[in-house]
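> Residue numbers (our numbering): 724 to 1057.
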Amino acid sequence: MGKTLYIFSSAILKRKDNTLMIQMKDHNANYIPVESVEDIFIMGEVEFKKSLLELLCDTGIVLHFFDHYGGYVGTYYPPESKNSGQIFLAQAAHWLDEEKRHELAAAFVIGAIGNMIRLISYYQRRYDNINAKDIIEYLRYCLEQAPNTSDVNSLMGIEGTARNAYYQFFDLLISDELFKIGKRVRRPPNNPMNALISFINSICYSMTLTEIYRTHLDPRISFLHSPSDRRVSLNLDISEIFKPLLVDRLIFSLVHNHMLTSENFEQAGNGGIYVSEEARKIIINSWERSLRRTVTYPLTDKKMGWRRIVRNEAYKIQNYITGNIPYEPFIYKW
């Protein structure tokens, strides 16, 4: 599996034969074989030409773009060479069938809440002074209610109330007043914790989109989130399962290890709080280390990195859609 390139500052990105050339200001050029690259996250001002895009199309490398404050802007998605007309029609048919769509959407919510409970239970075992019993009980109630909802909108309501209760745990676990969440605020984030959640969520969504691209699924057809909300949305569905395991656990590690301070956050003209460029580098280094960490995958009983696990989740959904193979979301067992 290839690596991810992150470009934080101004650079020139060029094609040199069949190699990627990255030229940072006041630095020597780096030459990277395209075969070793999975995707590129661009967070600075980057110059490139059509010949580079042609190379990326030929090799299937995905470009994710972020603005000055680390907010997700969009993705350059090469032609879907792996897409199958048969699978596209099956995916669309599952979306049009309310019962089938609800079944799959409920599985995403069950996976998300299940991993929230697992994460809270893990930290409760580590810290004797934390009592999140009421939060866990409410999440278990939401978990029981999800399959019994009447439609996808009701499911979204269950997921939303569960996540609001789950975010209360953040302030139980974190004693540093700088990183108290209070309430989840997205547009724009109003404090450092909300800024961290928004930024790392965007990284998670983008990574998941890259992994979907490696399958035959069409990322524009989602089941929990409405496909009309944005061009691609299946990555949002799948990411719900993994955010507690990848995003939230990383945030707790960054805060508990005092890797970020008030100096790592800045205020924008719209009043929002955002992570600085320096903070993004710290976060991305930790994010990549966490993705490379291997865990035992239950279906194969083999050690696997998190990128592969996310891709396997997409394959499981593909198999459910095309072969009626029962789909159970990945719930991590500590």
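Glycine included, every Cβ here is placed at the ideal spot set by N, Cα and C.
For the beta strand (DSSP E) that contains Gly797, what are its first and last residues?
Here the question's residue 797 lines up with position 74 in the sequence shown. It spans 795-799 - the beta strand (DSSP E) in which Gly797 sits, taken as one unbroken run.
> Rounded to a whole number of angstroms, what is the C-alpha to C-alpha distance between Thr782 and Met916?
As a working mapping, residue 782 is identified with position 59 in the sequence shown. As a working mapping, residue 916 is identified with position 193 in the sequence shown. Using only the alpha carbons, I get a separation of about 37 Å.
> Bridge partners of Met744, per DSSP?
Reading the sequence shown from its first residue, position 21 is the one you call residue 744. Its beta-bridge partners are Lys737, Tyr754.
> From what residue to what residue does the beta strand (DSSP E) around Glu665 run?
This structure leaves residue 665 out entirely; the chain is present only between 724 and 1057.
> Would you say Ile964 and Ile923 are within 9 Å of each other, going by their C-beta atoms?
Translated into positions along the sequence shown, residue 964 becomes position 241. Translated into positions along the sequence shown, residue 923 becomes position 200. The answer is no: Cβ separation not under 9 Å.
> Expressed to the nearest angstrom, what Euclidean distance is found between the alpha-carbon atoms of Phe771 and Ile765?
The count along the sequence shown starts at 1 and reaches residue 771 at position 48. The count along the sequence shown starts at 1 and reaches residue 765 at position 42. Their Cα atoms are separated by approximately 12 Å.
> List, from N- to C-terminal side, the alpha helix (DSSP H) runs of 4 residues or more that fit wholly inside the region 963-1011.
972-979
> Pull up the distance between the alpha-carbon of Ser949 and that of Ala752, whole angstroms please.
Position 226 of the sequence shown holds residue 949. Position 29 of the sequence shown holds residue 752. For Ser949 and Ala752, the distance between alpha carbons rounds to 43 Å.
> Take the Cβ of Pro967 as the centre, count every other Cβ of all protein chains shown within 10 Å, and call the residue buried at 16 or more, exposed below.
Numbered from its first residue, the sequence shown carries residue 967 at position 244. Note on Pro967: 16 or more other CB atoms within 10 angstroms of its CB, so buried under the neighbour-count rule.
> Mind checking which residues open and close the beta strand (DSSP E) that includes His787?
If you number the sequence shown from 1, residue 787 lands on position 64. Element bounds for His787: 785-789.
> Three Cβ pairs or more, each shorter than 8 Å: is that satisfied between the region 878-898 and the region 925-943?
No, because fewer than three Cβ pairs between the region 878-898 and the region 925-943 fall closer than 8 Å, the two stretches do not touch.
> Reducing DSSP to helix, strand and coil, say where Thr727 ends up.
Against the sequence shown, residue 727 aligns to sequence position 4. Strand.
> Please report the residue range of the beta strand (DSSP E) in which Tyr1020 lies.
Taking the sequence shown and counting its residues from 1, one reaches residue 1020 at position 297. Its beta strand (DSSP E) spans residues 1017-1020.
> Compute the Euclidean distance between the alpha carbons of Asn1008 and Ile853, then round it to the nearest angstrom.
Looking up residue 1008 in the sequence shown gives position 285. Looking up residue 853 in the sequence shown gives position 130. Cα to Cα, Asn1008 sits roughly 29 Å from Ile853.
> Out of Ser945, Val978, Leu736, Ile810, state which residue places its alpha-carbon closest to the alpha-carbon of Ile829.
Taking the sequence shown and counting its residues from 1, one reaches residue 829 at position 106. Rather than Ile, the amino acid found at residue 829 in this sequence is Ala. Nearest of Ser945, Val978, Leu736, Ile810 to Ala829, Cα basis: Ser945.
> Go ahead and pull the three-state DSSP assignment for Gly905.
On the sequence shown, residue 905 is found 182 positions in, with the first residue counted as 1. Secondary structure at Gly905: coil, using DSSP grouped into helix, strand and coil.
> Please report how far the alpha carbon of Pro756 lies from the alpha carbon of Leu743, in whole angstroms.
Reading the sequence shown from its first residue, position 33 is the one you call residue 756. Reading the sequence shown from its first residue, position 20 is the one you call residue 743. One C-alpha to the other measures close to 6 Å.
> When the distance is taken between beta carbons, is Val1018 closer than 9 Å to Ile1032?
Counting from 1 along the sequence shown, the entry for residue 1032 is found at position 309. Counting from 1 along the sequence shown, the entry for residue 1018 is found at position 295. Result yes, Cβ atoms of Ile1032 and Val1018 sit closer than 9 Å.
> Return the CA-CA distance between Ile833 and Glu826, expressed in angstroms with no decimal places.
Looking up residue 833 in the sequence shown gives position 110. Looking up residue 826 in the sequence shown gives position 103. Roughly 10 Å between the two C-alpha positions.
> DSSP state of Val955, grouped into three classes?
As a position in the sequence shown, residue 955 is number 232, starting the count at 1. Coil.
> For Thr798, I'd like the list of residues in its chain whose CB is within less than 8 Å of its CB, leaving aside the five on either flank, ordered along the chain.
Counted from its first residue, the sequence shown places residue 798 at position 75. So the qualifying residues of the chain are Val785, Leu786, His787, Phe788, Ser929, Leu932, Val955.
> Does DSSP put Glu770 in a helix, a strand or coil?
For the purposes of this step, residue 770 is taken as residue 47 along the sequence shown, with counting starting at 1. Glu770: strand per DSSP, three-state reduction.
> From this set, Lys1026, Tyr845, Ile1048, Ala869, which residue's C-alpha is nearest Asp971's C-alpha?
Here residue 971 refers to the residue found at position 248 when the sequence shown is read from its first residue. Minimum Cα distance to Asp971 is reached at Tyr845.
> Using 10 angstroms around the beta-carbon of Gln809, count the other beta-carbons present and answer buried if the total reaches 16, otherwise exposed.
Locating residue 809 in the sequence shown gives position 86, where the first residue counts as 1. Classification of Gln809: exposed, given that the 10 Å Cβ count is below 16.
> Please state whether the Cβ-Cβ distance between Gly793 and Ser925 is less than 9 Å.
For the purposes of this step, residue 793 is taken as the residue at position 70 of the sequence shown. For the purposes of this step, residue 925 is taken as the residue at position 202 of the sequence shown. Yes.
> Quick one: residues in its chain with C-beta nearer than 8 Å to the C-beta of Val908, no 5 flanking neighbours on either side, listed in chain order?
As a first step, residue 908 must be located in the sequence shown, where it is residue number 185. For Val908, where only same-chain residues beyond five positions count, the Cβ hits under 8 Å are Asn914, Asn917.
> Nearest-angstrom Cα distance between Gly994 and Asp820?
As a working mapping, residue 994 is identified with position 271 in the sequence shown. As a working mapping, residue 820 is identified with position 97 in the sequence shown. Near 43 Å, if we compare the C-alpha coordinates of Asp820 and Gly994.
> Taking only three categories from DSSP, how would you classify Lys1039?
For the purposes of this step, residue 1039 is identified with residue 316 of the sequence shown, where counting begins at 1. Three-state result, Lys1039: helix.
> Going by alpha carbons, who is nearest to Ile897 out of Tyr1038, Thr872, Arg943, Gln847?
Your numbering for residue 897 matches position 174 in the sequence shown. Considering only alpha carbons, the answer is Gln847.
> Should Ser962 go down as buried or exposed, given a rule of 16 or more other Cβ atoms within 10 Å for buried?
Numbered from 1 along the sequence shown, position 239 holds the residue referred to as residue 962. Burial call: buried.
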